[in-house]
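In our numbering, the protein residues as written are 6 to 134.
Note that the Cβ used here is the ideal one computed from N, Cα and C, for glycine as well.
Scroll down for the structure; my scribbles are underneath it.
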């Protein structure tokens, strides 16, 4: 619950398909610093997850803004949870929640960076990897 609900979609439907290819925002490139990687990976993962979810919902005739959107669902849960924590504990949470979010995002990004650093699959003559 760190505001990273798109991770499930992108990781399972995008990253696992495209790992170690130039299309994968979650594969760190040889020589790329973790800081450069995070600036590419975090927005890239969200964009791709949103596109994947948009395609899935279109196939079933649903709007990307419907509650069937598996990115919006965890976002809503996160907002409700954070609002509840803020209401219960007060303004002090405004200091802790961003730290918790940043730490959670950094942990996922660091894991992707370390696990996939420098991996690159060769492109086959038929265009596949």
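Going by Cα to Cα distance, which pick from 58, 6, 8 is closest to residue 17? Looking up residue 17 in the chain shown gives position 12. The residue with the shortest Cα to Cα distance from residue 17 is 58.
Considering just the uninterrupted stretch of the alpha helix (DSSP H) at residue 11, what are its terminal residues? Here the question's residue 11 lines up with position 6 in the chain shown. It is not in any alpha helix (DSSP H) - residue 11 carries neither H nor E in the DSSP assignment.
To the nearest angstrom, how far is the alpha carbon of residue 26 from that of residue 11? For the purposes of this step, residue 26 is identified with residue 21 of the chain shown, where counting begins at 1. For the purposes of this step, residue 11 is identified with residue 6 of the chain shown, where counting begins at 1. Using only the alpha carbons, I get a separation of about 20 Å.
Would you tell me roughly how many angstroms separate the C-alpha atoms of residue 108 and residue 102, rounded to the nearest one? Taking the chain shown and counting its residues from 1, one reaches residue 108 at position 103. Taking the chain shown and counting its residues from 1, one reaches residue 102 at position 97. Using only the alpha carbons, I get a separation of about 10 Å.
Leaving out the 5 sequence neighbours to the left and right, which residues in its chain are closer than 8 Å to residue 99 when beta-carbon positions are compared? The residue given as residue 99 occupies position 94 in the chain shown. Closer than 8 Å at the Cβ level, and outside the excluded window around residue 99, lie 91.
Quick check on residue 84: does DSSP put it in helix, strand or coil? Here residue 84 refers to the residue found at position 79 of the chain shown. Of the three classes helix, strand and coil, the one that applies to residue 84 here is helix, per DSSP.
My output table needs one value for residue 77: the three-state DSSP class, helix, strand or coil. Working through the chain shown from its first residue, we reach residue 77 at position 72. Reduced to three states, the DSSP call for residue 77 is helix.
Flag this pair as touching only if the segment 43 to 53 and the segment 113 to 126 have three or more C-beta atom pairs under 8 Å; answer yes or no. yes
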